Amino acid sequence: MSVNIPSTFLEKIETQFPHRKDAFLRSFSESKNTSIRWNTSKIGSIDNAHSSVPWYKGASILKTRPIFTLDPLFHAGCYYVQEASSMLLQSFLDKYLNISSNPIVLDLCAAPGGKSTLIANHLAGNGTLISNEVIRNRAYILKENIERWGAKNVIVTNADPKHLAKAKVAVDCIVVDAPCSGEGLFRKDENAINEWSEDHVRHCSARQKRILHDAWALLKPGGILIYSTCTYNNHENISNLDYVMSEYEGIRLSIPIEKEWEIETIEHNKSIGYQVFPNEYGGEGFFIGGIQKPGISETNVVKEVNKNIDFEFVKPTQDDCFISFMEDLYLVNPSTYQFYTQYAKRLRLVHLGVNVGKQKKTIHLPSHGLAMSLWIQKEIPEIELNYHDSIMYLQKKVFTIPSNQKGWHMITYKSKGLGLIKHLGNRWNNYLPDKYKIKMEVPKDYKYSSLIS
Ligand code: SAM
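In numbering that gives the first Met the number 0, the protein residues as written are 0 to 452.
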């Protein structure tokens with residue numbers, strides 16, 4: 000790729016990171032790897048040989064980029080395509096977020112869902128993740144990615160940060176992956192280069208401060224703020240951490256960094272942050288830092304609730320609760336139920352835990368969300384398809400189904416749920432929602448290679 004990087008930007012890189020400039024420029028002509036992060040709740044733990052991003056257990060680096068749209072495992076929510084640099088968030092969660100205290104975590108700028116799916120795996124069903132996106136259509140993209148992930152403890156909201164403060168939301172951890180000037184994406188996205196200017200950086204920095212101001216108000220005493228951008232400049236990064244540290248007297252948080260990761264630790268005034276550069280692991284430019292609000296954090300008491308109703312297709316655990324919301328029935332854990340009862344009237348909710356389906360009088364209609372989760376009744380027969388037929392199913396085309404048994408069935412590929420179908424006696428109905436349908440055709444010479452054995 001021949002690139003025209005603004006000279007003022009390069010001067011800044013040279014001033015801030017003089018020893019990095021050559022490698023940074025070289026990275027534009029080097030080949031880019033792709034990294035994916037596995038959904039450990041569906042795939043199980045990943046052995047170390049598989050985990051090839053040094054700061055994250057459970058990611059793989061792909062030397063060539065497959066057509067993800069044509070991978071049934073992608074549609075089954077088995078992995079998320081995410082840059083390795085962003086996965087450094089895990090180091091903050093490992094050190095500072097104790098999942099046994101059922102934390103309430105807010106991902107404030109969440110779409111399309113990269114950080115949220117990582118946080119959901121970290122929580123492993125404990126506490127609640129509020130995955131929020133202010134832009135409405137992006138909130139719906141977020142909802143799709145969250146639904147695929149299949150977690151019972153994630154709520155998707157569509158709110159401005161100010162509105163969350165008005166609703167008196169109080170959380171133990173808030174992740175602010177802020178809208179930024181996108182400098183870290185220059186290698187991937189020429190538009191980011193064209194849109195870059197010093198004015199734009201200043202504008203982003205001011206907006207980030209406003210978001211941080213609102214975010215701080217949402218944190219409980221002892222709670223932690225994790226702030227990130229995909230940029231290199233101080234205005235959007237360490238200066239914003241400085242702003243929070245001095246304005247609100249926060250406590251800076253550090254994470255362990257190994258020398259061979261080639262991540263730069265930046266200390267300025269009282270703040271500390273970490274700068275990641277384009278790397279061989281499938282990562283681009285990224286900055287992250289953390290600050291704790293002074294005070295004692297308390298363990299969240301999750302009250303027992305008896306909201307465990309019968310839904311033919313679901314196998315809830317003893318603690319699970321059902322919520323009837325709009326026209327659907329949702330399965331959530333008790334912590335999420337508690338959050339819902341407290342805030343449902345004050346927030347615009349887009350999604351809740353696992354959408355299990357509809358109940359019309361005595362008839363139960365299972366939903367796609369259930370097929371994406373791990374709580375579907377084993378009594379629903381599964382139909383395992385080969386690659387070709389899985390794609391036909393996902394394209395909603397007609398193909399021969401190897402069963403004659405009437406009723407609901409779950410379609411699987413390599414034992415991972417893709418969606419539901421119903422045999423009516425004379426035909427099959429495909430219940431894959433249209434929004435998830437694959438619209439592209441498989442190229443004639445396309446050779447699929449599965450990412451799992
Ligand atoms: N965290 C996401 C992920 O890992 O997939 C990426 C988030 S992206 C860097 C920033 C997000 O902030 C965008 O989805 C954007 O719509 C949202 N945003 C834009 N303006 C905002 C504002 N004023 N307050 C909060 N979020 C905003």
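In this text, a Cβ means the ideal position worked out from N, Cα and C, and glycines have one as well.
From a predicted model like this one, the values you see are computed outputs, not experimental measurements.
Could you give the C-beta distance for residue i and residue j, rounded to a whole number, given that I count them as a contact under 8 Å?
i, j, result
"L240", "G288", "5 Å"
"Y273", "I262", "5 Å"
"I400", "W374", "Wrong, their Cβ atoms sit about 24 Å apart, outside the cutoff."
"T156", "I118", "That belief does not hold up - the Cβ atoms of T156 and I118 are roughly 15 Å apart, past 8 Å."
"I237", "I265", "5 Å"
"A166", "Y342", "6 Å"
Using CA coordinates, which residue listed in the options is at the minimum distance from residue i?
i, options, result
"Y430", "S238, L417, E143, S51", "L417"
"Y55", "K31, N232, F91", "F91"
"N354", "Y78, A138, I154", "I154"
"E297", "A58, N97, I66", "N97"
"W260", "Y445, L87, Q15", "L87"
"D319", "T33, I223, V304, S449", "V304"
"V170", "V331, I382, I103", "I103"
"M391", "E378, Q376, T411, P380", "T411"
"K258", "W215, P5, P53, Y78", "P53"
"E311", "L328, K302, F324", "L328"
"T228", "S204, K436, K415", "S204"
"L384", "L369, H408, H363", "H408"
"M325", "K344, G112, S26", "K344"
"K463", "K314, R25, R347", "A query on residue 463 cannot be resolved here, the shown segment of the chain reaching from 0 to 452 and no further."
"F286", "K302, T230, T340", "T230"
"N233", "K11, T7, N3", "K11"
"D80", "L364, T127, P111, D93", "With the sequence shown as reference, residue 80 is identified as Val, and Asp is not the correct amino acid for it. Nearest C-alpha to V80: P111."
"S180", "D198, K165, L163", "D198"
"V349", "I437, H74, N144", "N144"
"I210", "Y95, H162, E182", "H162"
With a threshold of 7 Å between beta-carbons, can residue i be considered close to chain C, or not?
i, result
"V104", "You won't find chain C in this structure, because it holds only one protein chain."
Assign residue i to one of two classes, buried (16 or more other C-beta atoms within 10 Å of its C-beta) or exposed (fewer than that).
i, result
"P293", "exposed"
"V300", "exposed"
"N47", "Unreliable positioning characterises N47 in this predicted model, as indicated by a pLDDT of 48, which lies under 50. The coordinate reading is nonetheless provided below. So N47 counts as exposed."
"K405", "exposed"
"H367", "buried"
"D176", "buried"
"I451", "exposed"
"K277", "One point to set straight first is that residue 277 is Pro, not Lys, in the sequence displayed. So P277 ends up on the buried side."
"E235", "buried"
"A493", "This structure cannot settle anything about residue 493, because the visible part of the chain is limited to 0 through 452."
"Q89", "buried"
"P442", "exposed"
"T116", "buried"
"H387", "exposed"
"Y280", "buried"
"L423", "exposed"
"S389", "buried"
"T316", "exposed"
"D309", "exposed"
So what does DSSP say about residue i, is it helix, strand or coil?
i, result
"R347", "coil"
"R251", "strand"
"D467", "For the chain, the structure presents residues 0 to 452; residue 467 sits outside this window and is missing."
"D106", "strand"
"T63", "coil"
"S449", "coil"
"I145", "helix"
"D159", "coil"
"R36", "strand"
"D444", "coil"
"N47", "Low confidence applies to N47: its pLDDT is 48, below 50, so where it sits in the model is not reliable, and the reading given next is rough at best. If DSSP states are grouped into helix, strand and coil, N47 belongs with coil."
"K357", "strand"
"H18", "helix"
"H199", "helix"
"F338", "helix"
"F285", "strand"
"V243", "helix"
"F321", "strand"
"E383", "strand"
"Y95", "helix"
"S372", "coil"
"M439", "coil"
| Validate contact between the segment 250–257 and the segment 211–220 using beta carbons, cut 8 Å, 3 pairs | no
| Segment contact, 8 Å Cβ cut-off, at least three pairs: the segment 354–364 with the segment 128–142 | no
| field | Inter-stretch contact (C-beta, 8 Å, three-pair minimum) for the segment 334–351 and the segment 390–397 | value | no
| request: Examine the Cβ distances between the segment 180–193 and the segment 144–159 and report whether three or more of them are shorter than 8 Å. | output: no
| said: For the pair the segment 26–45 and the segment 77–84, tell me if three or more CB-CB distances fall below 8 Å. | reply: yes
| query | Does the segment 103–122 touch the segment 62–70, meaning 3 or more C-beta pairs lie closer than 8 Å? | reply | no
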